Structure formats: C-alpha cells, structure tokens
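Here's the structure we're looking at; comments come further down.
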Amino acid sequence: MMSLIKPSLAQIVKTLYVYKLKAYLGSLATLLILQLLAILFSRGMVASSTSGMNDLYINVAFYSADLVLVFTFVWAFITSLLITTKVNRFPDFTFVTNRLSSNLANIFYIFTVSMLAGSSAMLCSHLVKMSIHFFSSRQVIGSQLALPFPELLLGVVATSLYVLLFGAVGYFIGMLVQMHPLLPLFLGGSFLALFVGAGIGTDLLENIYEFFFYEASLLIFAGKVSISVVLLFLGATLLSSRMEVRS
Amino acid sequence: MVLSLIGILVYLAVIISLGLAIHWLIRTVNRRFRLYMNVRRIIWLLAGYGLLLLIATVIAYAVSPEITAELEIPYAELEKEYQAFYQAVHEGDIEAIKAYSNMEKHWEFPYTDKQLTVTNGENEHVAGRILVERKQVNDGLIEASVYRSRSVTTSKGAYTIDFSDEIPLFDLELADGTLSMSKSEKIELTYATFKKEFTINQFTGEGGRGFGSATFWGEHVLYLQIPKDLELDSQYFDVIDVENRQKQVGE
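First to last, the protein sequences are chains A and B.
Each number in our numbering corresponds to the 1-based position in the first sequence with 73 added.
Each number in our numbering corresponds to the 1-based position in the second sequence with 1 added.
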C-alpha cells in the first residue's frame, strides 16, 4: 500500500527507536543477570594482599565492582554487535526506513542503554560492598562503604562513556562482519600476524589502552571517547550503506 | 617483550572466553525471555532491579559512618618506629625497648636452683631474643616480662589497622629447671576493605589501592631479671646481657 504522506527522518528514527527499546528489552534483562552474576563473582574473585611471619598470616581482601564494570563493557560490545545481525536488522524494513534512519535509531538505542548500563554498573558498587559489610565474616577496615557522592557521579559518567565506547566498537565490528563474513577472519589473521610477528599489534593495543585508560582528565577523556564513538558510528553507517538492500 | 606478549595473549584469551560466555548467555536469555516473559514483565523486572540499586545506595550512605574510622599513622613514622625498636632489641637497650613497646605480661617465679634452661616450646611467634639482666642480689626470684611492639598493616590511602591485640600472647611455665613458653597456634587474620572502582581511580589519581601496602609485625621480647649467680642455658635464643650490652649467643 502506498502512502501519500512522507514521514520525516526524525519521525522514522523516533518510531524505530521506540520499537527497538521494546524489541531488545531482553538484552537489558541479560544485563541484569550479568551484573548480578558479576556481583556474586566479586565476592570471591578479589585482589588481596597477604603478609606472613612465622605462623602468623594477615590477609586483606579488596572489594569493588570492577568485575561488574568489565562484564558490562563486554555486554555492551556483544549487544551492539548482535544488533547488526540480519535477524535484528531486517525487521527495521517493516517500517518505512532506509539505512540512515535504521543506523540512527540503533545509535540512539546504544547511547540510551549505555547510559543505563553504566549507571547501574556503578550503583552495583554499593551492592557488592554491602554484601561484604553485612554478610561476610571478614572485619571491614579502613575505607567507607559508600563512595563520596562527587566520586559516585564521576564514576557514573566515566563508566557510561566506557560502555558507550565498547558499544560503538561492537557496532562497527558487527557492520564489518556483515559486509563479508570472511572479512573479520582476514583482519583478525593479519592483526595476529602483526601481533606475533613484529610486536606491532602489542604496541598498538598498548597504545589504544593507554590512550583511554591512562587519561587522567575526565574532560579530555570525554572528548577522546566522543570523537572515537562518532568516528566508529560514522564508519559503521558508511559500511552499512555499501551493503546490498534486503535480498 | 616476550613476557608482555604472553601477558597480552593470556589477557586476550580471557577477554575472548568471557565474551563467548556472555554471548552465549545473551542468546540463551533472549530466547528464554521471549518464551516466558512478555514486555510488561521484563519492564517490571528491570524497574525492580533499578529500585534495588537505589535502595542499596541509600542504605550505603546511611550506614557508612558506622565503619571504624581509619587510624592515621604515616608510613614513614611507622618505619622509623620499627627500625628504632629493632635496633633497641639488637643492642639490648631495655629503656629504648620500653619506649617503643608495651609490657603485655609479667611473671614472678620463686627459684633457688643454680641453673635454668629457657626454651621457646615451639613458639613461633616469639623473636629469638631474650634480654637478661642480673640482679645485684640472689633473691631467689625470676622476674619475666614480655614486651611487644605494635603490629600494624597499612595501605596508602586505604586503611591502617593496629592488630596487635589479635595475636595471642604466650604463657610461661617453670618446671624441672626449665622455663618454657606455651606452644603457638597458627593465626590467620582476615580483613576486608573497599576499593574504589577503576573508572574513578583513573581520574582521582589514587591508582591501584592495595599496592603499596605493608605490614609491620610486632616483635615479642622476653625480658628476664634473674638472681645474681643463676646460670642460664638457652639453645633457642640469643641471650643479651642488658647490663653489659654484650651479646652472648646461647649454645
């Protein structure tokens, strides 16, 4: 059936975005399960410092939500990657849509869930620490149970930015995979060859790692993440426009 | 180079395995959720989770001040104190020892024999030193005191705790011409502390807490005041004559 009204891009993106929020609710449920699992693991897998002399030992275990954060990053990467698969891409065409509106809706979706995932991951910090405070035989020493409020806010912003970054990388790689199934194999192979052969890969990874994880200024970090995310989403959008229309 | 390469490969392997596990979980959960949960139920579930996180945060702020405030002892001060104590023990300077430690226990044993053997009775907690001071008189009384410097474990910016009282003191027993200490038990002290997440430390410059942690183990020193002519035999300890400040190594 043909429609005489041509909807605007903004309207299409909005409709698609709302649709995606509902359609991908399962992935948020997975995030919930993952974060709860990570909280459980955080109780067991901790950094600790042990010191001993003769028959005396002292062990201090450090608890944090670091593992929850890592799980959330991996979740963001995989969720964004899965969005690019045919199963998730094709239903978009039931709406009056094109590559651009589909990509924009995906980007808004990834942005939204990144903020939610980042905030919830940081709030898990209190859940991890309270589980130790109330349900552990270990005596808690030193640090406070609650993070100072400005640091909690800082953590929420920084974690959300990291989640967004991992999501953008996942989305870009997902689109790359959709271009040609063998492309990631080729890229992975050449990366590994460089990696093992000349150590260039190691340096590259180290440089990327330091570029983000060693940045001490939140403002510059936000800038770095924003630019990287824009480039990754732009790259993914360009890649998807080169793909064949639905066959 | 090789080490860092292996390190990164292991790191990658862990990340990839974690990724595969999470990928499997996402697909499984999605499938199950589609089967058993409708949109409304999932929204309720998510809202419940959000509420749980918020309540946890509120409780955390409410109960936080209850946790014992940390002792503030600068690391340098602790180090200086321990060096001074160690030197005092080494030199048999009982006055300096008293300045850096507490007398935890005192015993008095009436004793008129000519010879006394001292053993540590397999007590691992006691440092191998006895300080001996001969009295001016043969009063038939052995006075024993145990001095102990404090045991502190600290991590820069995270915690400092004095756990001296957690270490049990030995007991002394005098029988058949032998002064022996009670057998020590294996003591394992476990504590928990909270670390800020790495996404916070990155910007506050606190770095990895827990690194730069140190434990200062308090030393137990047995100080004996014995009758003037009592012969002392100890194969377990270095015997330091307090008066002459000369070390006589026991056979």
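All C-beta atoms in this analysis are idealised placements derived from N, C-alpha and C, irrespective of residue type, glycine included.
Fair warning: this is a prediction, and the values are worked out from it, not measured in the lab.
Using CA coordinates, which residue listed in the options is at the minimum distance from residue i?
{"i": "K93/A", "options": "I131/A, Y182/A, F146/A, L101/A", "result": "Y182/A"}
{"i": "A138/A", "options": "L190/B, L173/B, S235/B, I201/B", "result": "I201/B"}
{"i": "K136/B", "options": "S156/B, I227/B, A14/B, A77/B", "result": "I227/B"}
{"i": "F135/A", "options": "Y112/B, D230/B, S156/B", "result": "S156/B"}
{"i": "A198/B", "options": "S198/A, A111/A, K95/A", "result": "Position check: residue 198/B holds Glu in this sequence, whereas Ala was assumed. Selected option, being the one with the closest Cα: S198/A."}
{"i": "A111/A", "options": "V40/B, G219/B, I43/B, I23/B", "result": "I23/B"}
{"i": "L142/B", "options": "D114/B, R42/B, A159/B", "result": "D114/B"}
{"i": "T118/B", "options": "L79/B, D140/B, M182/B, V64/B", "result": "M182/B"}
{"i": "S152/B", "options": "L260/A, T158/A, Q212/A, Y130/A", "result": "Y130/A"}
{"i": "L132/B", "options": "I17/B, R28/B, L233/B, V15/B", "result": "L233/B"}
{"i": "D128/A", "options": "K184/B, A193/B, S214/B", "result": "K184/B"}
{"i": "I205/A", "options": "A48/B, T29/B, F195/B", "result": "F195/B"}
{"i": "G206/B", "options": "V242/A, L105/A, A295/A, F286/A", "result": "F286/A"}
{"i": "Y76/B", "options": "V222/B, T154/B, T191/B", "result": "T154/B"}
{"i": "L188/B", "options": "L52/B, S165/B, I16/B", "result": "It is Ile, not Leu, that sits at residue 188/B in the sequence shown. Of L52/B, S165/B, I16/B, the residue nearest in Cα terms is S165/B."}
{"i": "L200/A", "options": "P169/B, G178/B, T58/B", "result": "T58/B"}
{"i": "M104/B", "options": "L231/B, S235/B, H221/B", "result": "H221/B"}
{"i": "E167/B", "options": "E144/B, W218/B, A159/B, N139/B", "result": "W218/B"}
In chain A, what lies closer than 8 Å to residue i by C-beta?
{"i": "G20/B", "result": "V147, F150, I151"}
{"i": "V40/B", "result": "K95, L98"}
For residue i, go through chain B and note every residue whose CB falls closer than 7 Å to its CB, in chain order.
{"i": "S137/A", "result": "F195, K196, K197, E198"}
{"i": "F286/A", "result": "Q203"}
Provide the residue span of the beta strand (DSSP E) that contains residue i, from first to last.
{"i": "T179/B", "result": "179 to 182"}
{"i": "R149/B", "result": "142 to 149"}
{"i": "P111/B", "result": "103 to 111"}
{"i": "I56/B", "result": "That residue, I56/B, is in no beta strand (DSSP E); its alpha helix (DSSP H) goes 40 to 64."}
{"i": "H221/B", "result": "221 to 227"}
{"i": "E207/B", "result": "From DSSP, E207/B is part of no beta strand (DSSP E); its letter is neither H nor E."}
{"i": "E167/B", "result": "No beta strand (DSSP E) holds E167/B; DSSP gives it neither H nor E."}
{"i": "Y192/B", "result": "188 to 195"}
{"i": "E174/B", "result": "173 to 176"}
{"i": "L117/B", "result": "116 to 120"}
Looking at the secondary structure, which residues open and close the alpha helix (DSSP H) in which residue i lies?
{"i": "V302/A", "result": "291 to 314"}
{"i": "Y160/B", "result": "Not the alpha helix (DSSP H): Y160/B falls in the beta strand (DSSP E), residues 160 to 163."}
{"i": "S339/A", "result": "Because chain A here runs from 74 to 320, residue 339/A falls outside it and cannot be looked at."}
{"i": "S210/A", "result": "No alpha helix (DSSP H) holds S210/A; DSSP gives it neither H nor E."}
{"i": "I85/A", "result": "82 to 96"}
What in chain A is Cβ-close to residue i, meaning under 7 Å?
{"i": "H24/B", "result": "I151"}
{"i": "Y62/B", "result": "A219"}
{"i": "K187/B", "result": "D128"}
{"i": "Y112/B", "result": "What Y112/B touches in chain A: nothing, since even the nearest Cβ is about 29 Å away."}
Can you list the residues of chain B that residue i reaches, using a CB-CB cut of under 8 Å?
{"i": "V298/A", "result": "Here the premise fails: no neighbours, minimum Cβ distance about 12 Å."}
{"i": "I106/A", "result": "L26, V30"}
{"i": "A289/A", "result": "Q203, F204, G206"}
{"i": "L113/A", "result": "None at all; the shortest Cβ gap to chain B is about 14 Å."}
{"i": "S263/A", "result": "Ordered by position in chain B, no residue passes the 8 Å Cβ test against S263/A, which lies about 16 Å from the chain."}
{"i": "S193/A", "result": "Y50, G51, L54"}
Give the interface partners of residue i over in chain A, defined as CB-CB distance under 9 Å, in chain order.
{"i": "A1/B", "result": "Because chain B here runs from 2 to 252, residue 1/B falls outside it and cannot be looked at."}
{"i": "T154/B", "result": "S122, S124, I131, V133, I214"}
{"i": "Y101/B", "result": "Per Cβ cutoff of 9 Å: no residues; Y101/B is ~18 Å from chain A at best."}
Give the residues of chain B in contact with residue i, contact being defined as C-beta atoms less than 9 Å apart.
{"i": "L142/A", "result": "E198, F199, T200"}
{"i": "L155/A", "result": "H24, I27, R28, N31"}
| Of all the residues that make up the segment 195 to 214 of chain A, which are near chain B by a beta-carbon distance shorter than 8 Å? | For the segment 195 to 214 of chain A, which is checked against every Cβ of chain B, the residues closer than 8 Å are M195, L196, C197, S198, H199, L200, K202, M203, I205, H206, S209, S210, R211, Q212, V213, I214.
| the segment 133 to 148 of chain B: which residues have C-beta closer than 8 Å to a C-beta of chain A, in chain order? | Taken residue by residue, none of the segment 133 to 148 of chain B has a beta-carbon sitting less than 8 Å from a beta-carbon on chain A.
| task | Only counting runs of 4 or more residues, tell me where the alpha helix (DSSP H) segments fall wholly within the segment 125 to 191 of chain A, in order along the chain. | result | Counting only runs of 4+ residues, the alpha helix (DSSP H) found wholly inside the segment 125 to 191 of chain A occupies 139 to 156, 159 to 162, in chain order.
| Listed from N- to C-terminal order along the chain, which residues in the segment 214 to 228 of chain B have their beta-carbon within a distance smaller than 7 Å of any beta-carbon of chain A? | Taking 7 Å as the Cβ-Cβ cut-off against chain A, the residues of the segment 214 to 228 of chain B that qualify are S214, T216, W218.
| Using Cβ-Cβ distances below 7 Å, what residues of the segment 223 to 246 of chain A are close to chain B? | Within the segment 223 to 246 of chain A, the qualifying residues are E224, L227, G228, A231, T232, Y235.
| request: Output, in sequence order along the chain, the residues in the segment 84 to 101 of chain A whose CB is closer than 7 Å to any CB in chain B. | output: Taking 7 Å as the Cβ-Cβ cut-off, the segment 84 to 101 of chain A approaches chain B at K95, L98, G99, S100, L101, given in chain order.
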